[in-house]
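**Q** At position 119 of the sequence shown the residue is numbered 392 (the numbering used here), and the sequence of numbers has no breaks.
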Amino acid sequence: MLKFDRLLDVSSLCRYEKTTAALAYLALICLVFAQVVFFSKSLMPLLFYPHGVLAGGGSAESRVPENTYNVDLATAAYYETPIDRFVGLTYRRGELPLWTPYLAAGKPVVAEYSPRALFPYQILQDVAPAITWDYFILGRLWISAFFTFLFLRRIGASA
Numbered sequence: 274m275l276k277f278d279r280l281l282d283v284s285s286l287c288r289y290e291k292t293t294a295a296l297a298y299l300a301l302i303c304l305v306f307a308q309v310v311f312f313s314k315s316l317m318p319l320l321f322y323p324h325g326v327l328a329g330g331g332s333a334e335s336r337v338p339e340n341t342y343n344v345d346l347a348t349a350a351y352y353e354t355p356i357d358r359f360v361g362l363t364y365r366r367g368e369l370p371l372w373t374p375y376l377a378a379g380k381p382v383v384a385e386y387s388p389r390a391l392f393p394y395q396i397l398q399d400v401a402p403a404i405t406w407d408y409f410i411l412g413r414l415w416i417s418a419f420f421t422f423l424f425l426r427r428i429g430a431s432a
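See the structure below:
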């Protein structure tokens with residue numbers, strides 16, 4: 274008898290539904306964000322802005338923005354990314370990032386509108402090399418999808 278009957282058995286899928294869901298969400302994220310996962314594209318808004326001299330000069334025709342589907346790229350590029358780098362450097366020095374001397378005349382980091390400095394997943398992202406930050410963004414998508422699945426199963430939603 275072939276073993277394919279066992280592979281197509283629905284009861285075995287139900288037994289491993291959490292693993293199946295986790296792998297399905299991972300595959301979906303890899304498919305949707307294939308440019309980021311496999312082809313070295315980036316989700317970091319700082320990389321969308323041209324820095325330095327443009328090939329076509331400074332005319333408006335040469336500064337056509339790419340389709341980024343993000344309304345406000347400046348906040349992430351010029352506020353959040355520098356704060357994340359500062360927080361990561363501070364944690365790597367073994368200190369708590371309570372105060373930054375680099376904004377205005379100095380200001381508290383923990384009192385920001387987005388207190389990212391104490392969020393555990395964000396700390397992992399900040400301490401990691403910047404080249405891995407795209408994968409942390411995709412990791413947030415995977416975590417939210419998988420735990421939504423677990424929540425729906427917990428409250429009794431069916432497949």
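Note that CB positions come from ideal geometry on N, CA and C, so glycine has one too.
Less than 6 Å between C-beta atoms, sequence neighbours within five positions excluded: which residues of the same chain meet that for P370?
**A** V360, T363, V382 and A390, listed in sequence order.
**Q** Quick one: grab the DSSP three-state call for P370.
**A** Residue state, collapsed to three classes: coil.
**Q** With distance defined between alpha-carbon atoms, name the residue in T421, R365, D357 and S387 nearest to Y375.
**A** The option with the nearest alpha carbon to Y375 is D357.
**Q** According to DSSP, is P381 helix, strand or coil?
**A** Residue state, collapsed to three classes: strand.
**Q** Go to G412, then tell me how far its alpha helix (DSSP H) extends in each direction, as first and last residue.
**A** G412 -> alpha helix (DSSP H) spans W406 to R427.
**Q** If we ignore side chains and look at the alpha-carbon of each, how far apart do W415 and L397 end up?
**A** Rounded to the nearest angstrom, the two C-alpha atoms are 16 Å apart.
**Q** Confirm, please, whether the CB-CB distance from L316 to V305 is below 8 Å.
**A** Not in contact: V305 and L316 (Cβ atoms no closer than 8 Å).
**Q** Where do the N-terminal and C-terminal ends of the alpha helix (DSSP H) with K291 fall, by residue?
**A** That run of the alpha helix (DSSP H) goes E290 to V305.
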